[in-house]
Structure formats: structure tokens, C-alpha cells
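> As you go down the protein sequences, you meet chains A, B and C in turn.
To convert, count from 1 in the first sequence and add 526; that's our numbering.
To convert, count from 1 in the second sequence and add 526; that's our numbering.
To convert, count from 1 in the third sequence and add 526; that's our numbering.
Glycine residues also receive a C-beta, built at the ideal position from the N, C-alpha and C atoms.
For clarity, every value in this text was computed on a predicted model and none was experimentally measured.
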Amino acid sequence: MEMNDELVTTGAEVTEAAITNEAAITALAEQTAVLSTQLGEAVFTANNIWMMLATALVFIMHLGFAGVEAGFGQAKNTVNILFKNTLTPVIGILTYFIVGFNLMYPGFTEPGWFAFGGFFLELPENGNTVDYAGGGYTYWTDFLFQAMFAATAATIVSGAVAERIKISSYLVFTLLFVGLVYPLIGSWKWGGGALDAMGFYDFAGSTLVHSVGGWGALAGIIVLGPRLGKYVDGKVVDKPGSSVPLAVIGVFLLWLGWFGFNGGSVLSGDPALTSLVLVTTSLAACTGALGGFLAGYVVFKRLDLGMVLNGVLAGLVGITAGADVISPAESLLVGLIAGVLVVLSAVVLDRLRLDDVVGAVSVHLTCGIWGTLAVGIFGTGMAFMPQLYGVLICGATAFSAAFLIFTVLKATMGIRVSAEHEASGLDSQEHGIRGYTITYE
Amino acid sequence: MEMNDELVTTGAEVTEAAITNEAAITALAEQTAVLSTQLGEAVFTANNIWMMLATALVFIMHLGFAGVEAGFGQAKNTVNILFKNTLTPVIGILTYFIVGFNLMYPGFTEPGWFAFGGFFLELPENGNTVDYAGGGYTYWTDFLFQAMFAATAATIVSGAVAERIKISSYLVFTLLFVGLVYPLIGSWKWGGGALDAMGFYDFAGSTLVHSVGGWGALAGIIVLGPRLGKYVDGKVVDKPGSSVPLAVIGVFLLWLGWFGFNGGSVLSGDPALTSLVLVTTSLAACTGALGGFLAGYVVFKRLDLGMVLNGVLAGLVGITAGADVISPAESLLVGLIAGVLVVLSAVVLDRLRLDDVVGAVSVHLTCGIWGTLAVGIFGTGMAFMPQLYGVLICGATAFSAAFLIFTVLKATMGIRVSAEHEASGLDSQEHGIRGYTITYE
Amino acid sequence: MEMNDELVTTGAEVTEAAITNEAAITALAEQTAVLSTQLGEAVFTANNIWMMLATALVFIMHLGFAGVEAGFGQAKNTVNILFKNTLTPVIGILTYFIVGFNLMYPGFTEPGWFAFGGFFLELPENGNTVDYAGGGYTYWTDFLFQAMFAATAATIVSGAVAERIKISSYLVFTLLFVGLVYPLIGSWKWGGGALDAMGFYDFAGSTLVHSVGGWGALAGIIVLGPRLGKYVDGKVVDKPGSSVPLAVIGVFLLWLGWFGFNGGSVLSGDPALTSLVLVTTSLAACTGALGGFLAGYVVFKRLDLGMVLNGVLAGLVGITAGADVISPAESLLVGLIAGVLVVLSAVVLDRLRLDDVVGAVSVHLTCGIWGTLAVGIFGTGMAFMPQLYGVLICGATAFSAAFLIFTVLKATMGIRVSAEHEASGLDSQEHGIRGYTITYE
């Protein structure tokens, strides 16, 4: 029975070994599960960092707009312009906290045209976890990134209507436009509403942000009328801006901010997509500048820095709808056409005596439309008609709403300062200080 | 004996299988351990990226301060102001490398009031590993982030005492204040000293940075006296700043920088906490602006851009002590009150003939105190009394130290330029150039 | 036979257990492999985020250069300077997309002096995966980061030749210099060419970017000659810049941008290396400022803000070649010497009647050479002679090429505006607007 004894002993050892293995496997499986969870959180952390920094970059666009508008505006209205531009993100962020975010992302039960998630924001249960938004960012990052976008739409209007609008009316307009109109339209696509269901595509907002702002600007300058002395005897009179360097600072900061505006619209730090978006965005800005340069030279027979600067912005607005679905080589074309369009648009507006201080309508509306349609032309797997529908539906809504608000304000509070006021400048009257006091005794 | 033979064979196979399994398990366990280490390093990498970018954002606040101070200062003193503001971070970073960091984070053996880790810095053994600071950042990131903070305290003083302080005295003051006073006080809380043990809470420095700087500023303007011609026949005479756009650039850059100032004070890229902090910070900035706007309108009967801008900064300073423990909704209130306080404080200071060129005392001291106390009122799980003790102890120390330094400097080097000097402007005398030369022949 | 029966049963169970274990181990091994892949992607995501933000920071340096040049340039040439500075990154990025990137990183089969990867860029198969560049960044990030660098070399030239160069000639020069000369020289080291094989080290481009630009600038001011009225009767005539605040904005933005310029040159988010680089970079900027301050005081007997500002840039250029291999303590010395050198260099250039509007040659060439040699002196494990060879070979090439281009342009298109043109300012003639219009009726 020696053999059997041996066998029994061996059997027992083997059994023991199997059990030991089983325990080790269970422990390893637990460790692996923990690692898997931690790994999800690591990617979540990296994604959220990207989105927070994208938020910071979009924030600085508000300084960019302030620079462009104060730089291109006349010195006598500098403080007024800056006052508006400082309060615009303030109003934008606050209204978005109170009502906008929940109007734009209401959680449609089925794709529709209106829903509302309630006033003010509170952290949802999973809002700070990797389960929220696929681990791309937290609820608070989501809110803040979108809030920075919201204020942009109003800022676009601000540049067009500058130098003659009553500041109280401007503030009321901004409250309504940014608090209600912008998020309502946005909900149709980004909130998962009816336009989204129709196949409309707008990556970072050529239509939802820029055209919406541009339509508001167009409504504003129609209702307001041109500045005094802008169109005299059929001629366009130049109103020199106070500081070209300030406008250049503004445009470069806007370009910088677009790294976050488009790059953040990936909604995560996905390496392939974010870096592609930065490249198409930058290339379109460059060819936009070239387009503005060349068209500006042909039309105005001079090296027109204003057209180069607006060309940069035109290229950026143009690529915004499709920065993730248009190839780098095609983005060159999208930007170039935008740069040419912004010059032609500026000429047409002046022919129509529509006085836009900084060219906001040409940059944001004209090129916003172009960019949205360009997705239907160049975008991988994109159709043209949904893009056209989106442009028309959003345009009709934004323009009507802005026109209505401005018209009601005109009939009630009044929207234009007095002629003396306008002539002497808005700064001395309402703000009591000058934009620049550069004197040496 | 066939059975036994079979058994023996089976037994051998099973033994072999168990051994194979054991080897596979050992290999897997090793792989899992490696993965676990690498995962720690991945999170460490992401955290450190956030902290480095937060450092860059705090750095740009120094340009923000330069913009605010040069923008609100008179044109004849622009170069002098910018000279100070350029050298301030230089002195701040260098002294922090030589003495400050090791004074502020000395590694107290038990919570106390003074300890010192030695001159100059060298990388500790684990300084660049995941073991340092819980994997939130490296030793070098730690130093640089804190160094950017250190210089802030001196910059705050700079804005208040501008337009009449002797530059040599200012530089000596900065050297001492940033090299010794700031890190000493900081060590009591952030270095794990006695105030920390008392339960005092100051997330990102409403007291440790802003009030400390504000107390220095107050001491400075008391010892210096007001600018010539500022208070005449019981009236406050406006001294218009050279460039409002420059001040606006400054404020927006400060707001941007606060993304890093507060967001980086989480000391890691933790998604939940960093994003909450950015939201409370931004909301308080917004309601601060509103508070400054409304209070400015009530008090000065005009749309006072200066008060809106200082309101933004007031809200930011106010939320800084509790940005991580105050809810977004409450942060609205903290900012609004700060915005109102900054206007009232400015009025009171002018009544007391305390001449503060940019409102630094009102922004950083008044709202720094408010923000620190607000933690005791709104902060989750926070008590009020330790906040009050912290305000008093840090205040008494910072003010006494600054007052002492300024008084000794006054008695030795002198701290004020001559009356002719002040009247003609500091630029032409000491710097030999003008801030602006905008002439066309 | 009970014993045997039992044994058989036990054997079967054990076999089953062993098989179960084997299946569990296989499943775990698969999970671990997936985790390992995902972990690689997590680090890749974090690294790429760092590199994209570094790209954004280098981009904003172009606004920094614009600020420095427009700030130090005369008001009558402001628009012209800004026109050049806006188009420079545009041309830089576009030529780099079309030809530069593939000329600079051609994939040498063996280290040589010339290779070319073809016109235009297309995503390589693995370009967006963790396999590209060791998971440090994607192909598109790689391109954009390097494109932002490329434009820098041309911008450096722009500052030196300002206020008298013909804009058409400048644009042609930029096209050739940035499209061909810069990437060719860059390929010798960063593209893995002959200089790299010689042991030459240039971390972030003291030679490859700054000196190359500086040599171009030197060639430009030699061929162009000084501005009218700059050197009269053996004396240097000051030409006051339009706006010192604008120059300060520029320098601070350049310093900020250097966080990305040097920090991004680590080519990943490696915590130890990136944070060391930021510290050496910042410390050298600080002592550079001190060096400029002190040397400026000794030489010019005044508190010369221009020398402090150029001192900052000098320190930054000086540390750029060795920011990763020089210790923080040694970086203090590298920066200090750079700050002194920039002042001495400016004096020498004026003695030689080489008129450099913003001191670009002193900052970028003189300190670029110093920084490159400093690697051979202070750099851990670095030799001196390869550094010297690199300086000489790159210098001879860059200077000759730039001199040739400028000379040919002079003989063909002409490179200098007419004397009347120069006297009245370039803005009114070619651009039709003024840089500043600060008038109050």
C-alpha cells in the first residue's frame, strides 16, 4: 500500500495547491477590478483637466472680444464698450446658472423643441463621478464650459451695436438673449432636441453660437440704425478705432481661446480628435487671414490689417461647425473662403447702410452660415440638407426673437442714446471717465 | 495495479497543471503590481500637469496686476509702475527659492510659530516621485506654484503705494515682505503651524495672501501719506488713470489667473473638487461685479466701470478662503457682499484720507477678511471663531511688520520721492522714458 | 479498494479545480492585457493634453512678440509692425504644413544634412495612437507644436528690421526663411541629422530657434542699414516706442509662453522633467531681469525698464538650450550672465551702427549662443566642443542664407521703403490707418 499512501499524500498536496491557487486568483481578480476602476478615474481626471482648461481658454475670449471692440471703437466710447463687455460674461454666466443650462440641456424625453429642467443648479448624484457624461468631465465643468459659450452669443451682438445703443437696453437684451434665446436654440441640437434628430451637425457652434449671435447683431443694427455721420452723401465715412494694438490683442486672444472653444467641444481629452481639431482650427484661421488679406487688397487697394484680423476670425468661425469632420487639407479651403466672404459681406453691409462697428455680422453670421454649410460639403459622412435646415430654422428663430426684443425695447425704454450724447461720446455722459488720459504736463 | 498506474499518471498531470497555474498566477501578480505602479504614475502625471498649468495661470496674474495698476495710474508714472510690477515677481520667485519656501514649509515637528528648513532648495530623494505630496505634484512644481503665490502679496502693496513711493525703498520692502513676512505667516497655516492646529481654514489665501498683502498696503499708505493734491479742501480729487483698456486687460487676466490660484489650491487634479472650485470662483466673480455695479451706482450715481472691475476682484478675493467648502448657490452671496463691501470700503478710506491708487486695500484686505469670515458662516463643517482668530493674528502680524519696515525705511533711506518729482511724474526722473509716445508728425 | 475509489474521486475534483483555475487565469490575463493597453492610452491622453496646451502657450508668444515690437516701435509704424506680426504665424504655420514639417523631420535613413519627406501632410497609420512618438503626443499635436516654433524664428527677424523694411520683401523673406532655412537647420539636430550624431545638444532651441532667428535679424539690419536719423554725429538718437505697457504685456506673454516652449520640449508630460524645466526656466528669467537691471544701471545710469524686459527674455533664451540638464542653482547663473550680456550686446551693436529696433539680435542671437555654450559648461554629461560646432555650423548657415535672401531681394524687389515714407511712417502710406486715434472733440 506504499503506492496508495504516496498517491493520497500527492493528492492532498495537489488539492491544497489548487485551493491556494484559487485564493490567489480571487485576490488578483479583486485587485484587477480595483485597478480597472482607478484607471477609469485616471482617464476621467485627465479628461476633466482638459475640459477645465478649455473652459479657461473660452473665458479669455471675452477679453478678446473686449479688445476687438474697444480697439475698433472710437476713443470717446471706450469705457462704454468695456463696461458692456465686462458685464456681458457676468450676465451670461449668472443667467446660465439660474436658467440657461437647464433650458439648453433639459433632458428631452423625446426630441422636441422645448423642455426645461428647472431653475438653479444642484449637483446630480453621479455628477462628479466617472459615470457622468462618459467620464469626459464633471457636472460642474460641464456647466462652466457651456456657460462660457453662452455669454459669447451676447458679446457678438455687443460689437455690432456699439457706440449708439443705450446701455440699460443692451443689458436687458443680453439678459433675455443669453438667458432664453441662446439656450432654447441650443437645446434643439446640443440638448438632444428636434434638430439633432434631423441629422443637423454643428460641432462647436458655427450656427448655435456664432450665427445666433450674428442674427442678434443684425437685428440690432437694423432696429438701431447707423451711427450719426457714418453714411454721408452715399459715402461710407471711416470712424477710426482708438487702438489697433488693442484690436490685435483681442484677435490673438480669440484665436487662443478657440483652442478651448473647438478643442473643448470634443468633450473629452481624446488625443486623436482633440489634436485634429486644433490643427483644422489653426489652419483655417491662417487661410482665413490670407483670404481677408487678398480680398481686402483687391477691394480696398491697401494692406488692410482690419481685414486680415477679421479674416482670422472668419476662418475660425467657418471651421467651427466641422472642425472634427473636415480634413486638415480641406480646412485650408474652408478658412480661405471664409476670409474672402468676410470682406465681401462687409462691403455688402455698408452698401445696405447697415452699420456694424466691428464687422460682427460679417464674421459671425456670414461665416457661421458658410461654416455650417461647409460641413455638408466637406464633412465625412455628412449630408447637406440638414445643414441648410439648421441654418434656416436657427436663423429665423434667432433673428425674430432678437428683432422682437429690440423693437419692444425701442418702444418702451428706448434703445438709442441722444444725438448729443452720441456726438460727445458715451463715456463722458454715463461713465464719468475717459478711456485714455495720456497727458504730460 | 492498472488503476494505481492510471492514478499516478493523472496525479502527475494534475500536479503539473497546478504548478503551471501557480507560475501563471505569479506572473499575473507581477504584471498587476507593475500596472498598479504605472497607474499611480499616470494619475501623478495628470495631477502634475494640472498643477503646472495652474502655476502658469497664477504667473499671468502678475501681468494682470501690472495692467490694473498701470491702467489706473496716471500716465506720467506708467513706466515706474511697470518697473515695479516687473521686478516684483522676479524678487518674489528668487527670494522664495533662497529662503521663502523653506520658511513657509519648514516641516514643523510640532505645530508652532517658527521653523526653518535652510537656505536654497535641493530636490529631496522622493521629490519627483509619486510619494511626494500624495502624488499631486512634484517638488519642483510645488516650489514654483507657491513661489507664484508669494510674489502676489507684494504686488498687492505695489498698487496702493504707487505714484509717490521711492523705488529703492519699495524694492527693499518687497524683499523683506515677500522673503520673510509672507512665508512666516503662511507657515502657521499652510506649513502646518499653530494656526492650522487651531482649526483655522484658508483654502487658497483670502487671509494668507490677500489680507497679508492688504495689511502691507494699508501700512504703506499710512506711512507714505496721500498723493499731492488728492485731498483738497475736504474733497477727493480724481486722478484719471492712463488707460482703462489696460485696467480691463488686467482684471480679466486676474480672473483667468484665479482659475489656477483657486483651482490649483486643490493641490491635485481631483475632478470633483477642482471643478467645484472653478464654479464657486466664477460665480462669486460675477456677483462681485454686480455688487460693485449696484453699490457704485447708488454711491456715485454713475455707471462706474472701476467699481465693476474692483467688484470682480472683490468677489474673487472673497471666495478664495472657502472656494472648496462653500456651495455654488452660497458663493453667489459671498461674491455679492464682497462687491458691495469693496465700494463702501473705498468710500471709507477716502473719508480717512487714505490714498490707495488702485483700491488694493478695499479689494484685498476688506474682502480678504470678509472671505475668511464667510468660511465660518457658510463653510461646510467650519467654525467661526478660528476664522476670526486667524484674521486677527495674521492681521496684527502683517500690519505690524509692514508698518515697522516702512517706518524704518522712512527714517533711513526715505520712502517718498520729492514733491517736484511727484508733480512731474516718476517716469521722466528715474527711468528717462515716457510710458506712451503717441505722436504723429 | 475504497482507498482507490476515493483517490479517483479526489483526482477528478482536483483536475476539475485545476481546469477551472486555468480558465480564470486566462480570463484575468486577458483583462490585465486590456488594462495595460488602456493604461498606455491614459498616459497618452495626459501627455497629449500637456503638449496641446504647450502648443497653445507657444502660440500666444506670437502675441508677445507683437506686443514687444509694437510697444518699442514708434507710433507711426504701429500698424505696419502689427500687420507683419499677424501674418508671420500665418505664413509660418502654412509653410510648415506644406513643406517645413517634412523637411525638418524627414526620417533620415542615416544622419545627414538633407532629406525631405514630401509636400503636405497626411496622418500616418499609427499617427494618432500610443505607438507614435512613444505615446508622448499625436502626429497632429506634433505638427502643430513644431509649427508654432517655426514661426518664431521669422518673428525674431521682424522686430529687428522694423520701421524701414518693405512689407512685400519681408513677407517673401519670411516665406523662404521659415519654409526652408529654419526646418533645414532644425533637421540636423531635432530631425536626427548630422549635428545630432555629433553630440550637439539643444533642448528647446537656443540655437535652432533663437540664434537662427537672430542671425536672420543680423543679416537683415546689415543689408537694410539703420533707420534715418538713428545715428547722428556719432550719437545714438532715441526713438521712443509708442507704448511701454504694450511692451510689458508682450514680455509677460513671452515668459508665459516659455512655459510651453521649454516645458513642451520635454515632448511628454513626464512630471520630473517638465517641472524641473519650468523651474530652471523661471529662475533664469528672474536672474536675467536682475542682470539686465544691474548692467543697465551701470551702463545707462538709470532704472532702464527696457533692459529689465530684455533681461527677462535674455534669461529665457539663455536657459532654453539646457533647461533640462542644468540644475536650478546653476540656472540662476546662466540667466544672470544672459541678462548682463544682452545689455553689453546692445551697446556693441549701437557702436557698430547696427540698428535693431527691439534688441532682437542681442536677446536671441547673443544669448542664444551663450545658452548653447552654457550647456557645454553646466550641463550634466555634456561636452563643450559639439556645442561650439553647433553654434558655428548653424550660425554660418543661417546668416549666409538670410544674407543671400535679403541681398537678392534688395537687388530685385527692393527691401527698403523710400525716405519720405519712412519719415512720415509706414502706416499712413501702406495701411491707410493709424495705430492710435485717441482724440476727444
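Taking DSSP as the reference, what is the three-state secondary structure of TYR966 of chain B?
In this structure, TYR966 of chain B counts as coil in the three-state DSSP scheme.
> Check whether the Cβ of SER888 of chain A lies closer than 8 Å to any Cβ atom in chain C.
For SER888 of chain A, the answer is no, since every Cβ of chain C falls outside 8 Å of its Cβ.
> LEU802 of chain A versus chain C: which residues are under 7 Å apart at the beta carbon?
Simply TRP666.
> Roughly how many angstroms lie between the CA atoms of ALA680 of chain C and LEU802 of chain A, to the nearest whole one?
One C-alpha to the other measures close to 25 Å.
> Just grab the DSSP bridge partners of ARG942 of chain B for me.
DSSP, once it has assigned bridges, lists B:ILE691 as partnering ARG942 of chain B.
> Whole angstroms are fine: how far does the CA of GLY740 of chain A sit from the CA of SER926 of chain A?
Going by the C-alpha atoms only, they are around 12 Å apart.
> Would LYS936 of chain A count as contacting chain C if we go by Cβ distances under 8 Å?
Taking Cβ atoms only, chain C never reaches closer than 8 Å to LYS936 of chain A, which makes this a no.
> Buried or exposed, going by whether 16 or more other CB atoms sit within 10 Å of the CB of MET630 of chain C?
The residue in question, MET630 of chain C, is buried, as its Cβ has 16 or more Cβ neighbours within 10 Å.
> Mind listing which residues of the region 660-691 of chain C have their C-beta closer than 7 Å to chain A's C-betas, in chain order?
If the cut-off is 7 Å between Cβ atoms, the region 660-691 of chain C has THR664, TRP666, THR667, PHE669, LEU670 near chain A.
> Anything in the region 825-851 of chain C with a Cβ closer than 8 Å to a Cβ of chain B? List those residues in chain order, please.
The region 825-851 of chain C vs chain B, Cβ under 8 Å: PHE826, ARG828, LEU829, ASP830, LEU831, GLY832, VAL834, LEU835, VAL838.
> Once the 5 residues before and after ASP953 of chain B are set aside, which same chain residues still bring their CB inside 7 Å of it?
Correct list, in chain order: LYS602, ASN603, THR604, VAL605, ASN606, ILE959, ARG960, GLY961.
> Tell me whether VAL868 of chain B is buried or exposed, calling it buried when 16 or more other Cβ atoms sit within 10 Å of its Cβ.
Buried.
> Give me the residue from B:ASP668, B:VAL560, B:PRO615 with the minimum Cα distance to GLU704 of chain B.
The question names Glu, but residue 704 of chain B is Val in the sequence shown. Cα-wise, what sits closest to VAL704 of chain B is B:PRO615.
> For the 8 Å Cβ check, are there 3 or more pairs between the region 940-950 of chain B and the region 748-757 of chain B?
Touching, yes.
> How many Å lie between ALA924 of chain C and ASP657 of chain A at the Cα?
Taking the straight line joining both Cα atoms gives about 55 Å.
> Can you list, in chain order, the residues of the region 778-792 of chain A whose Cβ is nearer than 9 Å to any Cβ on chain C?
Here the close residues are PHE778, LEU779, TRP781, LEU782, PHE785, GLY786, GLY789.
> Would you verify that the beta carbon of ILE586 of chain C is, or is not, closer than 8 Å to some beta carbon of chain A?
Yes, ILE586 of chain C lies at the interface with chain A (some Cβ there is under 8 Å from its Cβ).
> Please name the residue or residues paired with LYS936 of chain C in a DSSP beta bridge.
None, per the DSSP bridge assignment.
> So, does the CB of TRP576 of chain B fall closer than 8 Å to a CB anywhere in chain A?
It does: the Cβ of TRP576 of chain B has a partner Cβ on chain A nearer than 8 Å.
> For SER944 of chain C, decide whether its Cβ has a neighbour in chain B, counting only Cβ atoms nearer than 8 Å.
No, its Cβ sits nowhere closer than 8 Å to a Cβ of chain B.
> Report the rounded CA-to-CA distance for PHE932 of chain B versus ILE691 of chain B, giving the unit in angstroms.
Answer to the nearest angstrom: the Cα atoms are 11 Å apart.
> Taking a contact to mean a Cβ-Cβ separation below 8 Å, would you say THR813 of chain C touches GLY865 of chain C in this structure?
Yes, they are a contact pair.
> Please go through the same chain and pick out, in chain order, the residues whose beta-carbon is closer than 6 Å to the beta-carbon of MET527 of chain C, but skip the five residues on each side of it.
Any answer about MET527 of chain C is weak, because its pLDDT of 47 lies below 50 and its placement is not dependable; what the coordinates show is given next. So no residue of the chain qualifies.
> When DSSP labels each residue in this structure, what does VAL762 of chain A get in the three-state scheme?
Here VAL762 of chain A sits in strand by DSSP.
> With 8 Å as the threshold, decide whether the Cβ of ALA872 of chain B is near any Cβ in chain A.
Chain A contact via Cβ: absent.
> Under 7 Å Cβ-Cβ, which residues of chain A neighbour LYS636 of chain C?
Rather than Lys, the amino acid found at residue 636 of chain C in this sequence is Glu. Those within 7 Å of GLU636 of chain C in chain A number zero; the least Cβ separation is about 30 Å.
> Under 9 Å, CB to CB, which of the residues in the region 552-572 of chain A have a partner in chain B?
Of all residues in the region 552-572 of chain A, ALA553, LEU554, GLN557, THR558, VAL560, LEU561, GLN564, LEU565, GLU567, ALA568, VAL569, PHE570, THR571, ALA572 have a Cβ within less than 9 Å of some Cβ in chain B.
> Among residues of its own chain, excluding the 5 on either side of VAL887 of chain C, which ones have a beta-carbon nearer than 8 Å to its beta-carbon?
Closer than 8 Å at the Cβ level, and outside the excluded window around VAL887 of chain C, lie ALA686, GLY740, ALA743, LEU744, ILE747, SER871, LEU875, LEU880.
> Name, going along the chain, the residues of the region 756-777 of chain B whose beta-carbon falls closer than 7 Å to a beta-carbon of chain A.
Residues passing the 7 Å Cβ filter: PRO766, GLY767, SER768, SER769, VAL770, PRO771, VAL774, ILE775.
> Would you say ILE748 of chain C faces chain A, with C-beta separation under 8 Å as the test?
So, not an interface residue.
> To the nearest angstrom, how far is it from the Cα of ILE551 of chain B to the Cα of ALA559 of chain B?
Looking at the two C-alpha atoms, the distance is approximately 12 Å.
> With a CB to CB cut of under 7 Å and the five nearest residues on each side skipped, what residues in its chain are close to THR965 of chain B?
No residues qualify anywhere along the chain.
> In whole angstroms, give me the CA-to-CA distance for SER794 of chain C and ILE852 of chain B.
Going by the C-alpha atoms only, they are around 36 Å apart.
> What does the Cβ neighbour count give for THR846 of chain B, buried or exposed, with the cut at 16 atoms within 10 Å?
The residue in question, THR846 of chain B, is buried, as its Cβ has 16 or more Cβ neighbours within 10 Å.
> Establish whether the CB of ASN547 of chain C and some CB of chain B are separated by less than 8 Å.
Judged by the 8 Å Cβ criterion, ASN547 of chain C is in contact with chain B.
> Which residue wins for smallest C-alpha separation from HIS957 of chain A, given the options B:PHE826, B:LEU589, B:PHE929?
Nearest of B:PHE826, B:LEU589, B:PHE929 to HIS957 of chain A, Cα basis: B:PHE826.
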